[in-house]
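Undergrad:
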Amino acid sequence: MTKKPISTGSEWTFPLIQEYDQVISQIAQEYRLDTYPNQIEIISSEQMMDAYSSIGMPLGYHHWSYGKQFLQTQQNYQRGFMGLAYEIVINSSPCIAYLMEENTMPMQALVIAHACYGHNSFFKNNYLFKTWTDATAIIDYLVFAKQYVTQCEERYGVREVERILDSCHALQNYGVDRYKRPSPISAAEELSRQEEREAYQQQQVNLLWRTIPVPEGKETQQERRTFPPEPQENILYFIEKNAPLLEPWQRELVRIVRKLAQYFYPQRQTQVMNEGWASFWHYTLMNEMYNRGYITEGFMMEFLASHSAVVYQPPYDSKYYSGLNPYTLGFNIYRDLKRICEHPTDEDREWFPDLAGKDWLDTLHFAMENFKDESFIQQFLSPKVMRDMHLFAVYDDEDESEYEISAIHDEYGYRKLRAMLAEQYNLSMREPNIQVVDVNLRGDRSLTLRHTRHNNVPLDKDAEKVLKHVHRLWGFDVHLESCQGDEVRQRLHMPPRDMTPEQALEEGLKYV
Amino acid sequence: MNSYVIDRRLNGKNKSAVNRRRFLERYRKHIKKAVNEAVNKRSITDMEHGESISIPSEDISEPVFGHGRGGKRNIINPGNKEFRSGDRIRKPQGGGGSQGQGSGEAGNSGEGLDDFTFNITQDEFLEFLFEDLELPNLVRKELKEMSDHVYRHAGFTSQGVPNRINIVRSLRNAHARRIALSGKSRRRLKELKALVEQEMEKEEVLRDGHSLLAWQEEIERLDQKIRRMPFIDDFDLRFNRNERVPVPSNAAVMFCLMDVSGSMTQNTKDMAKRFFLLLYLFLRRNYEKIEVVFIRHHTSAKEVDEEEFFYSRETGGTIVSSALKMMGEVISDRYPPNAWNIYAAQASDGDNWNDDSPQCRELLAKAIMPLVQYYSYIEITPRDHQALWHAYEDVQAAFPEQFAMEQIIDPSDIYPVFRQLFQRKTT
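Protein sequence lines, in the order shown, are assigned to chains A and B.
Per our numbering, the very first residue in the first sequence carries number 225; after that it's consecutive.
Per our numbering, the very first residue in the second sequence carries number 601; after that it's consecutive.
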């Protein structure tokens, strides 16, 4: 220890935060962490609750559901059921990080390392974020969205706007293009193009619906044009473009919800990677600071206590267990990658021949930049991490009265376990796969959605309520068929069909 | 280097206020129901805080498509201790499946979620409580006190103190005056200049040197005259004028009259207290300043403090008119009706000395009713009405707008009766 530490007390001050940030930034640069500029904002715990309830968005349009979120957060916090996060960080440029004023100096330093250099560099360099989000435009877009919603509220009434937003929120997980690359959003352009678009869209929709409906019976199979030609995964987009009865401003609202959902989509796909990356770097940066004498031992003790709380994984039988902790999983994988590069064992050489003995920093940057959770786990989850975390897989078949342990952390189980865990983080596995398959153009204009089951897992009971929302947006009958393979297992209709027993029998016979 | 540190703590914390209000608005019905139930359950001294509201989560859920139970699936868990590949474990009977939920999914599939619970503040509580209610005859009266005057802008004057100068108007006046007073001179000046110019255009020999000189002298003179015109004059000044305007009084006095004779049990008094309390809270939402006068009576009336009013024990007969008389005295002593909004609430079990009831009627009709905004009488008794009630019925007939009476039998009646008395009139 050659240097005098930056501070010794636990109180933070603005100059101290700046000084710490400077040192952390310097070390981060040595590790080639490439970041957006940082905007560190100190806020109070009440403001943190505000930030919580708006998914961290610095400004959002008004909606009752955020109020509900706020009340819930407030209630839980005040009753001591939960602590507040130490930070919230927003994928924007400059990258905005909220720090709580209650934090001690070591906490603030930890949070700066974690958010302003960990998450920030992830936002800037991961391919998903690069492709799907435009960090410089998001704030402007949020401003635009907020203004537009307010305008609509003034013109059409809060109630009406709320109804549309409710329905859009119900479908927001289905407002993303999973495969197509989106065009970047820019607020200025949105605004200028919006009126033009309104007129044009309405025209397009009218074209599609130009035909006069023909009574059901008269229609022959040949006449029938299938629309859409291919199943559409982006239901909100489909509705925005094709719903027969929506007003232009309603389409614009659908678009806003869809764009925002799209913006947050990468975050949902990279939870493990992102949190793991940030945790790895706060750990590495703080240790390096300690090695260079910038921080004291007491400081380090406090840091380590917080750090281990963050990456604590309760075992499956603990009462605190609520699934795998993404911080832990990610942190362990990155740490082990570094170990594999620096001190490879025979096992590592067998499993990761390309990585063993390579430069660890190159490897980690590569791993962070080019994957999402699913592929990241598939690529980099090592046997050692599985052993350390004692991972095991439980197979649950509704037709069996017993669970089966299908794989554990042993020679036979590693690959299977890794594949299953990767699949568990596949977003399209987590969310039911539902697509638009048909619109009855000539008949009753009904919309048909198809749920393709995976392993015969059905939809939950909310499905019917969501269908109500789809129905509200679409304006005509909506059907949902839930299929395992080609076989339709369940049908839902909105408005619900009251079938006579004969009809029900007939309906049932169709699927035999 | 690339970082900015910003202190946002001063920005205010109520960013979510709008959303919160939207939420309350949306679930208004639920909240009102909870508030009404709470009023019936709460103890008397307990009206002045918020309330915890529960709404069935079913009603406020935001549905999304999710996986239901069933089918086949693999779930990865950490912390294996004794399991080996191929082990089989019996599924727990009933609900079960808690072990089998992957991260993030635990909340979605559980059945019978708890109610959504949150707190509303005291203000919101009272707002919900008194929604649709209105103070009858809410005529605000003028108060003579100094504090009830405000200065309002009332045009402009030509006299005043320098700090009230209206610069724009003063300068505009000055400008106008300068234009008006110099008009003649400037017109002449223009003419002369034109003449001079005309003359100058002539060949030098043809010029009339004499007139030219005279004109130029006059031009010089006019120029000076115009320049001597003062830029601003006393005469131009305008001052903002303020006027002392009396504002409607925000003060009310509430008289609580209660029978404390032997027949009134503590239970009856508690019910009365609840009623008084509701009235007090309600008045407080409408007036800035409220005074409460407690008058209790048996055979004679006495003005007392709150504690004594509700809790001291007395016995003896009942003469209601004594309290009314006392109220009249207190009003004429301390609360001139032109300065105070006077409300009165009387609670009794209906007992009165029979000969006294007509006297009460006289007193009320002649002396009290003309002075008060509203008089409400509640009779807390399960028994039949007695003379006092019938006497009051006459009063009600005479003052249907200002006088109200209801019977209360048990505590759950209090709030409905209160609502009934103060229901917003639809007309």
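Built from N, CA and C at the ideal position, the CB exists for glycine as well.
No experiment lies behind these values; they were computed from the predicted model shown.
Kindly list, in the order they appear in chain A, the residues whose Cβ is closer than 8 Å to that of T717(B).
TA: Simply Q299.
Undergrad: V860(B) to T915(B), Cα distance in whole Å?
TA: Going from the Cα of V860(B) to the Cα of T915(B) covers about 7 Å.
Undergrad: Mind checking K608(A): buried by the 16 CB within 10 Å criterion, or exposed?
TA: Buried, since its Cβ has 16 or more Cβ neighbours within 10 Å.
Undergrad: Quick check: is the beta carbon of G637(A) nearer than 8 Å to any beta carbon in chain B?
TA: So, interface residue.
Undergrad: Just tell me which of N773(B), A851(B), V972(B), E658(B) has its CA closest to the CA of E888(B).
TA: Considering only alpha carbons, the answer is A851(B).
Undergrad: Apart from the five residues just before and just after L509(A), which ones in its own chain have a Cβ nearer than 6 Å to its Cβ?
TA: Once the five neighbours on either side are set aside, the close Cβ partners of L509(A) are I248, I251, A337.
Undergrad: If you drop the 5 nearest sequence neighbours on each side, which residues of the same chain put their C-beta closer than 7 Å to that of M324(A)?
TA: Answer for M324(A): I267, S269, M272, L308, Y310, listed in chain order.
Undergrad: Spell out a yes or no on whether the segment 517-530 of chain A and the segment 343-360 of chain A are touching, meaning 3 or more CB-CB pairs, one atom from each, closer than 8 Å.
TA: Verdict: no, contact absent.
Undergrad: For Q699(B), which residues from the same chain have a beta carbon less than 7 Å from its beta carbon, with the 5 sequence-adjacent residues on both sides left out?
TA: Low confidence applies here, because Q699(B) scores a pLDDT of 41, under 50, leaving its location unreliable and the question unanswered by this model.
Undergrad: Between which two residues does the alpha helix (DSSP H) containing R620(B) stretch?
TA: First-last of the alpha helix (DSSP H) with R620(B): 617-626.
Undergrad: Closer than 8 Å by beta-carbon distance: list the chain A residues that pair up with I606(B), in chain order.
TA: The contacting residues are Q263, I264, E265, I266.
Undergrad: Buried or exposed for R807(B), please, with buried defined as at least 16 other CB atoms from any protein chain shown within 10 angstroms of its CB.
TA: R807(B) is exposed by the Cβ-count criterion.
Undergrad: Going by the CB atoms, is the gap between Q456(A) and L352(A) shorter than 8 Å?
TA: Not closer than 8 Å, so no.
Undergrad: If you draw a straight line from the alpha carbon of A467(A) to that of N680(A), how long is it in whole angstroms?
TA: So the two alpha carbons sit approximately 30 Å from each other.
Undergrad: Is it buried or exposed for Y244(A), if we count other Cβ within 10 angstroms and need 16 for buried?
TA: Buried: at least 16 other Cβ atoms inside 10 Å.
Undergrad: Using a Cβ-Cβ distance under 8 Å, would F728(B) count as near chain A?
TA: So, not an interface residue.
Undergrad: Could you tell me whether any Cβ in chain A is nearer than 8 Å to the Cβ of T721(B)?
TA: Not an interface residue.
Undergrad: Can the beta-carbon of R622(B) be found closer than 8 Å to that of H287(A)?
TA: Closer than 8 Å, so yes.
Undergrad: Could you check which residue in L924(B), T868(B), S652(B), V845(B) has the C-alpha nearest to that of H753(B)?
TA: Closest by alpha carbon: V845(B).
Undergrad: Quick one, which of L924(B), D870(B), A939(B) has its alpha-carbon nearest E891(B)'s?
TA: Comparing Cα-Cα distances from E891(B) to each of L924(B), D870(B), A939(B), the minimum goes to A939(B).
Undergrad: Going along chain B, which residues have a C-beta under 7 Å from D583(A)?
TA: Neighbours of D583(A) on chain B: none; closest Cβ ~26 Å, over 7 Å.
Undergrad: Give the C-beta separation of R874(B) and S625(A) to the nearest angstrom, bearing in mind that I take them to be a contact with Cβ-Cβ under 8 Å.
TA: So it is not a contact: roughly 59 Å between Cβ atoms.
Undergrad: Closer than 9 Å between beta carbons: that is the criterion. Which residues of the segment 619-636 of chain A meet it against chain B?
TA: Hits within the stretch, in order: Y619, D620, D621, E622, D623, E624, S625, E626, Y627, E628, I629, S630, A631, I632, H633, D634, Y636.
Undergrad: Need the endpoints of the alpha helix (DSSP H) that E270(A) sits in, please.
TA: From DSSP, the alpha helix (DSSP H) with E270(A) extends over 269-277.
Undergrad: For S277(A) versus Y285(A), is the C-beta distance shorter than 8 Å?
TA: No, Cβ-Cβ distance for S277(A) and Y285(A) is not below 8 Å.
Undergrad: Would you check if the distance between the CB atom of D686(A) and the CB atom of F665(B) is smaller than 8 Å?
TA: For D686(A) and F665(B), yes; Cβs fall inside 8 Å.
Undergrad: Which of the three DSSP states is assigned to S234(A) in this structure?
TA: The answer is coil: DSSP assigns S234(A) none of H, G, I, E or B.
Undergrad: Do K562(A) and M497(A) count as a contact pair if the criterion is CB distance below 8 Å?
TA: Contact: no.
Undergrad: Suppose you measure from the CA of V382(A) to the CA of R696(A); what does that come to, to the nearest Å?
TA: Approximately 17 Å between the Cα atoms of the pair.
Undergrad: Compute the beta-carbon to beta-carbon distance between F728(B) and V635(B), rounded to the nearest angstrom, for a pair I have assumed lies under 8 Å.
TA: Contact holds; Cβ gap of about 4 Å.
Undergrad: With DSSP collapsed to three states, give me the class of H614(A).
TA: It is coil, neither helix nor strand.
Undergrad: So, for S599(A): in the same chain, excluding its five sequence neighbours on each side, which residues have a beta-carbon less than 8 Å away from its beta-carbon?
TA: A646, listed in sequence order.
Undergrad: Once the 5 residues before and after Y911(B) are set aside, which same chain residues still bring their CB inside 6 Å of it?
TA: None.
Undergrad: Please report how far the alpha carbon of S1012(B) lies from the alpha carbon of K925(B), in whole angstroms.
TA: Near 32 Å, if we compare the C-alpha coordinates of K925(B) and S1012(B).
Undergrad: How far does the beta strand (DSSP E) with H506(A) in it reach, from first residue to last?
TA: Element bounds for H506(A): not the beta strand (DSSP E) but the alpha helix (DSSP H), 495-515.
Undergrad: Taking DSSP as the reference, what is the three-state secondary structure of R740(B)?
TA: The pLDDT assigned to R740(B) is 48, lower than 50, so where the model puts this residue is not dependable, and the model offers no usable value.
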